[in-house]
Amino acid sequence: MSWTDERVELLKKMWGEGQSASQIAKELGGVTRNAVIGKVHRLGLSNRNSTGGAKSAEPKEKPAAAAKPVPKPKVQPKTEPARPITPPAAKSADGKPMLPARKQIIPAGQPLPPQPSANEISPEALAKVNEIEKKAKRLSLMELTERTCKWPVGDPATEDFWFCGLSVQQGKPYCEAHVGVAFQPMSARRDRKR
DNA sequence: CCCTGATTCGC
DNA sequence: GCGAATCAGG
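Everything in the first sequence is counted per this note's numbering, starting at 27 for the first residue and increasing by one.
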């Protein structure tokens, strides 16, 4: 494959959108992320700045520490600035699927008060979840990848919040156990006559 | 371990 | 110009 105008244009577009080199490579096909990165550099858009074409040569290293800028506005109250509450949504590789904003099912803790939707999950699956949660990697949002289970555990507003992080099942966003509770067969949830 | 971009250098 | 190999970082 060669860098045709079209391909270069797509490259520019995607890079501009903040897509990663590997994602761009995947989209283009026939090239590796290295090829993409190499091209990006040759095109001179490695550093997304001025559209005017002015190339800012990076000194790369500060010459010396002669002057003391000290541009410190000096403002840092000790109070926490209200948490943004990280959404459970995780980045999707090709920016397509995206999790359907699953509210808070989180059958995480052991002795959880019966939740309206959570109690429809099969006991077996629940037990399984409780089991693996002990083995969870407990990843932070930033540590998640396409291959780590994105099942959230705990309250995002607290420190006690993490993602399962185990290896996901092929194609799914969760590990085997969490897939079990996340994707219930229609037939399986046909009960609760009570 | 997975990933990211940056750089080098033979082609 | 190209991109695999390598590097440096998360």
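Yeah, the Cβ is synthetic: ideal placement off N, Cα and C, and Gly gets one too. Keep in mind it's a predicted model, so treat the numbers as computed, not measured.
Problem - Contact under 8 Å by Cβ, K176 with P199 - result: Against the first sequence, residue 176 aligns to sequence position 150. Against the first sequence, residue 199 aligns to sequence position 173. Their beta carbons are under 8 Å apart, which means K176 touches P199 by this criterion.
Handout entry: Residue closest to V179, alpha-carbon to alpha-carbon, out of W41, E159, L37, S193
Key = Here residue 179 corresponds to residue number 153 of the first sequence, with the count starting at 1. Ranking W41, E159, L37, S193 by Cα distance to V179 puts E159 first.
Exercise for the section: To the nearest angstrom, report how far apart L192 and L152 are at their CA atoms. Expected result: What you label residue 192 is simply residue 166 of the first sequence in a count that begins at 1. What you label residue 152 is simply residue 126 of the first sequence in a count that begins at 1. L192 and L152: Cα-Cα distance of roughly 17 Å.
Problem - R173 vs W188 beta-carbon contact at 8 Å - result: The residue labelled residue 173 in the question sits at position 147 within the first sequence. The residue labelled residue 188 in the question sits at position 162 within the first sequence. In this structure, W188 does not lie closer than 8 Å to R173 by Cβ.
Exercise for the section: Grab the span of the beta strand (DSSP E) containing V179 for me, first residue to last. Expected result: Indexing the first sequence from 1 puts residue 179 at position 153. Start and end: 178 to 180.
Handout entry: Beta-carbon contacts of W41 that lie in its chain and below 7 Å, excluding the five residues immediately before and after
Key = In the first sequence, counting from the first residue as 1, residue 41 sits at position 15. If we look at W41 and ignore the five residues flanking it on each side, its Cβ neighbours are I50, V66, L71.
Exercise for the section: Determine, using beta carbons only, whether V205 and V155 come nearer to each other than 8 Å. Expected result: Counted from its first residue, the first sequence places residue 205 at position 179. Counted from its first residue, the first sequence places residue 155 at position 129. No, the Cβ-Cβ distance between V205 and V155 is not below 8 Å.
Practice task
Give me the Cα-Cα distance between K38 and T171, rounded to the nearest whole angstrom.
Solution key: To locate residue 38, count along the first sequence from 1; it is residue 12. To locate residue 171, count along the first sequence from 1; it is residue 145. Cα to Cα, K38 sits roughly 24 Å from T171.
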